[in-house]
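Visitor: In our numbering, the protein residues as written are 955 to 1031. Even for Gly, the Cβ is constructed at its ideal location relative to N, Cα and C. Small disclaimer: the values here were computed from a predicted structure and weren't measured. One structure follows; several queries about it will come next.
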């Protein structure tokens, strides 16, 4: 392309946030970051198991027996 003046892309290297070579220096408090460091993923702050009320538990269907499950699998396959 003679005559055109396209500029080349330029790339630069950004500094890494680490001040030392220890990976744990990059960790922060669990509540300040998202993902696996978030407070919602912290197992130690989790609530106990959910126990439904008697009304809700009575409204659930009864589990199927092994024979019923095998018959259902045969019907579907």
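Identify whether residue 968 lies in helix, strand or coil by the three-state DSSP scheme.
Guide: Note: residue 968 maps to coil in three-state DSSP.
Visitor: Specify the secondary structure class of residue 949 as computed by DSSP and reduced to three states.
Guide: Look at the range of the chain in this structure, 955 to 1031, and you will see that residue 949 is not part of it.
Visitor: May I ask you to report which of helix, strand or coil DSSP gives residue 1022?
Guide: Helix.
Visitor: Rounded to whole angstroms, what's the CA-CA distance from residue 985 to residue 972? Just pull it up for me.
Guide: Only weak support exists for where residue 985 lies, its pLDDT of 49 falling under 50; the value from the coordinates is given anyway. Residue 985 and residue 972: Cα-Cα distance of roughly 20 Å.
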